[in-house]
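Student: The sequence shown lines up with residues 1383 to 1520 when you count with our numbering.
Think of the CB as a built atom: it goes at the ideal place given N, C-alpha and C, for glycine as much as any other residue.
The structure presented is a predicted model; accordingly, all values stated were derived computationally and were not measured.
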Amino acid sequence: MNFRNLQKTFGLLLLLSFWAATPAFAQKTISGSVTDAENGEPLIGANILVVGTSIGTITDFDGNYSLDVSAEATALDFSYTGYTGQRVEIGSQTVIDVELSAGQLLDEVVVVGYGTVKKKDLTGSVATLSGAKLDKIP
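1) Looking at residue 1484: is its Cβ nearer than 8 Å to the Cβ of residue 1420?
2) Using C-beta distances below 8 Å, list every residue in its chain close to residue 1477, excluding the 5 sequence neighbours before and after it, in chain order.
3) Taking buried to mean at least 16 other C-beta atoms within 10 Å of its own C-beta, is residue 1453 buried or exposed?
4) By DSSP's criteria, residue 1452 is part of a beta bridge. Which residues make up the other side?
5) Locate the beta strand (DSSP E) running through residue 1425, then write down its first and last residues.
6) To the nearest whole angstrom, what separates the beta carbons of residue 1465 and residue 1482, a pair I think is in contact under 8 Å?
7) Check residue 1479 in the structure and name its three-state DSSP category.
8) DSSP three-state label for residue 1399, please.
9) Taking the beta strand (DSSP E) that residue 1459 belongs to, which residues open and close that run?
10) Going by CA-CA distance only, name the one from 1426, 1445, 1425, 1409 that's closest to residue 1437.
11) Could you please give me the residues that DSSP links to residue 1470 through a beta bridge?
12) Ordered along the chain, which non-local residues of its own chain (more than five positions away) have a Cβ less than 6 Å from that of residue 1462?
13) How is the beta strand (DSSP E) around residue 1438 delimited, first residue to last?
14) So, residue 1443 versus residue 1416, is the Cβ gap smaller than 8 Å?
15) Assuming the contact rule is C-beta atoms closer than 8 Å, residue 1480 and residue 1457 should be a hit. Round their C-beta distance to whole Å, please.
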C-alpha cells in the first residue's frame, strides 16, 4: 500500500510539473504582409524584428511574412530601405498587415577609383548609368 501511494504522489507531481512548465514554451505565430502605402505593391525583403530581441524575418516575393514570437513579445518593428519604419503593438493580433510610406530619399553615392563620395561633393565629370538606360541599349 505504501508503494501505491508513492506512485500516485509521484504521478501527480509529474503531471503538475508539466502543467506548470507549459506557459514557458507558449508561442504564437504572427503573419501578415508589408506593402507600399502609395501603390499597394508588396515590399520584397522588408525587415520584421521583435522589439527587444534579435528574432526577426523578412518578407517573401509577395510581401508576406510569418514569425513565431514568445508570449512576452509586445511589438514588432517593420523597416525597408528608403521607407519610414513603423512599430506595431502585437496585443492579441495574429495577423498584422502594414503599409510603409516612402521616406527621405538617399543621397547618390559615386564610386571613384580612390573611395566613395556623395555626388554633390564631387568635382569633375560624372556620368550616371541607370537600369532604364541599360534597357534602351540595342
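Tutor: Reading from the atomic positions:
1) yes
2) 1412, 1413, 1414
3) exposed
4) 1409
5) That residue, residue 1425, is in no beta strand (DSSP E); it is neither H nor E in DSSP.
6) 4 Å
7) coil
8) helix
9) 1457 to 1461
10) 1409
11) 1458
12) Close CB contacts of residue 1462 within its chain, under the 6 Å cut and outside five residues either way in sequence, are with 1425, 1428, 1482 (chain order).
13) 1438 to 1440
14) no
15) No, residue 1480 and residue 1457 are not in contact; Cβ-Cβ is about 12 Å, not under 8 Å.
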